[in-house]
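> I'd like to ask some things about the structure below.
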Amino acid sequence: MKKISLSVLAACLAALMIYSGCRAWQAYGDYRAEAGMHGAVMDFKPREGAAANQSVIDLQAEYPDIVGWLTVPGTKIDYPFVRGADNDHYLRRDLNGDDAAAGTLFMDCRCAPDFTSRNTIIYGHHMKNGSMFGTLKAFADKDFFDQNRFGAIYLPHETLKLEFFAYLVMKSTDEKIYGTERSEDFFEYVKRCARQYRDIGLAEADCIVSLSSCSYEFNNARIVLVARAS
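First residue of the sequence shown? That's 96 in our numbering, and the numbers climb one at a time after it.
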């Protein structure tokens, strides 16, 4: 009986090791695929100056769903982002439309691609190797939040400066944070819920951009980094 129990235990351990190895190999493949896709578009990365917006136009010629390019200094966030017909298409697909665990950064389909929506939301996966929006959580640290105030979005015909003013962890069902029309008490609500916040003199007419990714603090938790775009 003891020998049978040891045999069963050994078999279970072997199965667990095989399963863990397969998962690790799959994760390696996912990271490698994302890195390959990212490397393929980095030649189009906008640079400062007049050619920055032309880079986005050139990218759109290759990938028509691309809206612009998002850069957040101090993090690994340096990617083009798209807008699909819905919020599911690019969740697990790359720019070519092929299956990809890392997906693609994408704008909420309810938002206008010209950033005239009152709250423009861009989503990205929280990858464990730090790719996509995996480094967004760095803003939870006060020193990092204080030292990394700005980002940029490059569009075909203009460049928007992002000034980050709030870091939150919210439920994915929060209607105020994920409402694209922005409620009347949006700014006060953000300030009240924020884990990190700075007063940048917001005005009702300001364009707001929210970067959102998964968090694992509680069920359906989401990281949200909120910025003014100008």
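Where is the CB? At the ideal position from N, CA and C, for every residue including glycine.
I need the straight-line Cα distance from HIS133 to ALA289, nearest angstrom please.
31 Å
> Considering only C-alpha positions, which residue in the set ALA156, ASP193, ALA180 and ALA197 is nearest to ASP203?
The shortest Cα separation from ASP203 among ALA156, ASP193, ALA180 and ALA197 belongs to ALA180.
> Expressed to the nearest angstrom, what Euclidean distance is found between the alpha-carbon atoms of ASP301 and PHE201?
22 Å
> By how many angstroms is the C-alpha of GLY229 removed from the C-alpha of ILE318?
10 Å
> Is it the case that the Cβ atoms of LYS271 and TYR292 are separated by a distance below 8 Å?
no
> Spatial neighbours of GLN149 within its chain, please: CB distance less than 8 Å, with the 5 preceding and 5 following residues excluded, ordered by chain position.
Listed in chain order, the non-local C-beta contacts of GLN149 below 8 Å within the same chain number zero, local neighbours out to five positions each way being set aside.
> Give the DSSP-derived three-state secondary structure of CYS206 in the structure shown.
coil
> Buried or exposed for CYS117, please, with buried defined as at least 16 other CB atoms from any protein chain shown within 10 angstroms of its CB.
Since pLDDT at CYS117 reaches only 44, below the 50 mark, its modelled position is unreliable, and the value read off the structure follows with that caveat. Flag for CYS117 reads exposed.
> Mind checking which residues open and close the alpha helix (DSSP H) that includes LEU255?
For LEU255, there is no enclosing alpha helix (DSSP H); the enclosing beta strand (DSSP E) has its first and last residue at 254 to 266.
> Look at the alpha carbon of SER325 and the alpha carbon of TYR185, and state the distance between them as a whole number of angstroms.
Cα to Cα, SER325 sits roughly 27 Å from TYR185.
> How about TYR249 and GLY163: do their beta carbons lie closer than 8 Å?
Their beta carbons are under 8 Å apart, which means TYR249 touches GLY163 by this criterion.
> Can you look up ARG118 in the DSSP assignment and give me helix, strand or coil?
For ARG118, the pLDDT reaches just 47, beneath the cut-off of 50, and the residue's location in the model is therefore unreliable, although a value from the coordinates is still provided. Here ARG118 sits in helix by DSSP.
> Could you tell me which residues DSSP puts in a beta bridge with THR166?
ASP173 and ALA247
> The alpha helix (DSSP H) that contains SER278, what's its start and end?
Taken as a continuous stretch (DSSP letters only), SER278 belongs to no alpha helix (DSSP H), as it is neither H nor E.
> Is it the case that the region 165 to 179 contacts the region 218 to 235, given that we only count it when at least three CB pairs across the two stretches are under 8 Å?
yes
> Closest to LEU190 by CA distance: which of LYS266, ALA207, SER212 and GLN155 is it?
GLN155
> Helix, strand or coil: which one does DSSP assign to MET137?
helix
> Here's the rule I'm using: 16 or more other beta-carbon atoms within 10 Å means buried, otherwise exposed. How should ILE152 be labelled?
exposed
> Whose C-beta lies closer than 6 Å to the C-beta of LEU297 among residues of the same chain, with five residues either side of it excluded?
PHE282
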